[in-house]
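> Right, I'll just put the structure down here and ask away after.
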């Protein structure tokens with residue numbers, strides 16, 4: 087394990103790949119303008135934190151990392167994720183908060199073991215994606231989202247998502263079909279939008295325990311809310 091956070095480092099030495107057994111690397115809060123290519127040669131790396139630097143893009147070589155279970159890139163200037171992201175098959179937690187990302191989807195949807203996707207405070211405009219089969223937590227709050235739509239779940243089954251946060255966005259409505267695919271939800275936060283009505287498919291969320299829809303333009307609630315016997 088190597089922790090180098092809170093320094094003024096701008097680069098890593100050429101001999102860094104010799105650290106073949108390194109599993110954890112934290113270079114957050116330094117002066118990196120790009121992810122050092124040598125990081126992508128660390129075959130044993132399972133936990134990488136490059137938060138709070140000045141990184142504007144991630145290299146294609148990041149797809150060479152086969153073992154990372156946790157990748158944190160909070161507080162950089164990243165606008166998109168490379169297609170090679172799909173090769174990060176072991177990734178369970180991806181934290182891309184406070185960047186400039188405009189779209190979620192593509193390579194992210196190919197991460198079959200991803201469980202947590204934290205993407206709040208970005209520039210996402212439309213949340214149109216197929217979620218991975220193991221994703222349970224999605225935080226896309228504080229974005230520019232105007233539309234939320236999902237394709238049917240893996241093999242036609244409902245998604246595993248248990249927590250969805252799309253608060254502080256620009257939603258004016260919720261897609262009826264999208265809600266029907268999220269029957270495992272326990273927490274749904276849609277506050278601080280401009281939503282005028284919640285579709286009746288809300289009643290299909292039989293596991294829902296927390297529903298946060300404050301600060302919208304709702305005139306009434308759907309009758310199906312009476313089905314939500316687990317609301318606490």
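In my numbering, the protein residues as written are 87 to 318. Glycine residues also receive a C-beta, built at the ideal position from the N, C-alpha and C atoms.
1) Verify whether the separation of the beta carbon atoms of residue 277 and residue 253 is less than 7 Å.
2) Hey, how far is the Cα of residue 235 from the Cα of residue 213?
3) If I'm right that residue 227 touches residue 261 with Cβ under 8 Å, what's the distance once you round it to whole angstroms?
4) Does residue 263 pass the burial test, meaning 16 or more other C-beta atoms within 10 Å, or should it be called exposed?
5) Curious, which full-length beta strand (DSSP E) runs of at least 3 residues does the stretch 168 to 212 contain?
6) Nearest by alpha-carbon distance to residue 162: which of 120, 106, 179, 304 is it?
7) Starting from residue 249, follow the beta strand (DSSP E) in both directions and report where the run begins and ends.
8) Where DSSP assigns a beta bridge to residue 124, which residues make up the other side?
9) Which residue comes first and which comes last in the beta strand (DSSP E) that contains residue 224?
10) Suppose the cutoff is 8 Å on Cβ atoms and the five residues either side in sequence are ignored; what does the same chain contact list for residue 257 look like?
11) For residue 105, which residues in the same chain have their Cβ closer than 8 Å to its Cβ, ignoring the five residues on either side in sequence?
12) Using only the alpha-carbon positions, how far apart do residue 271 and residue 265 sit?
13) With residue 155 and residue 176 assumed to form a contact (beta carbons below 8 Å), what rounded beta-carbon distance in angstroms separates them?
14) What residue range is occupied by the uninterrupted beta strand (DSSP E) comprising residue 235?
15) According to DSSP, simplified to helix, strand and coil, what is residue 301?
16) Assuming contact is defined by CB atoms lying nearer than 7 Å, are residue 188 and residue 209 in contact in what I supplied?
17) What are the boundary residues of the alpha helix (DSSP H) that includes residue 263?
18) Restricting to Cα atoms, I'd like to know which of 132, 141, 95, 117 is closest to residue 107.
19) For residue 320, does the three-state DSSP call read helix, strand or coil?
20) Measure the C-alpha to C-alpha separation of residue 288 and residue 297 and round it to an integer number of angstroms.
21) From which residue to which residue does the beta strand (DSSP E) around residue 156 run?
22) In chain order, what residues of the same chain lie with their CB nearer than 6 Å to the CB of residue 160, ignoring the 5 residues before and after it?
23) Rounded to the nearest angstrom, what separates residue 114 and residue 142 at their Cα positions?
24) What residues match up with residue 135 in a beta bridge as DSSP calls it?
Let me lay it out:
1) yes
2) 6 Å
3) About 18 Å separates the two Cβ atoms, so there is no contact after all.
4) exposed
5) Complete beta strand (DSSP E) runs here, min 3: 179 to 181, 202 to 204.
6) 120
7) That run of the beta strand (DSSP E) goes 249 to 251.
8) Paired residue(s): none; residue 124 is not in a bridge.
9) 223 to 225 is the span of the beta strand (DSSP E), which, as asked, contains residue 224.
10) 231, 232, 233, 234, 276, 279, 280, 281
11) Here the set comprises 88, 128.
12) 9 Å
13) 5 Å
14) 233 to 236
15) coil
16) Less than 7 Å divides the Cβ of residue 188 from the Cβ of residue 209.
17) Where residue 263 is concerned, the enclosing alpha helix (DSSP H) stretches over 262 to 266.
18) 132
19) Not covered by the structure: residue 320. The range shown for the chain is 87 to 318.
20) 10 Å
21) 156 to 158
22) 137, 181, 183, 184
23) Their backbone Cα atoms lie some 14 Å apart in a straight line.
24) 112, 158
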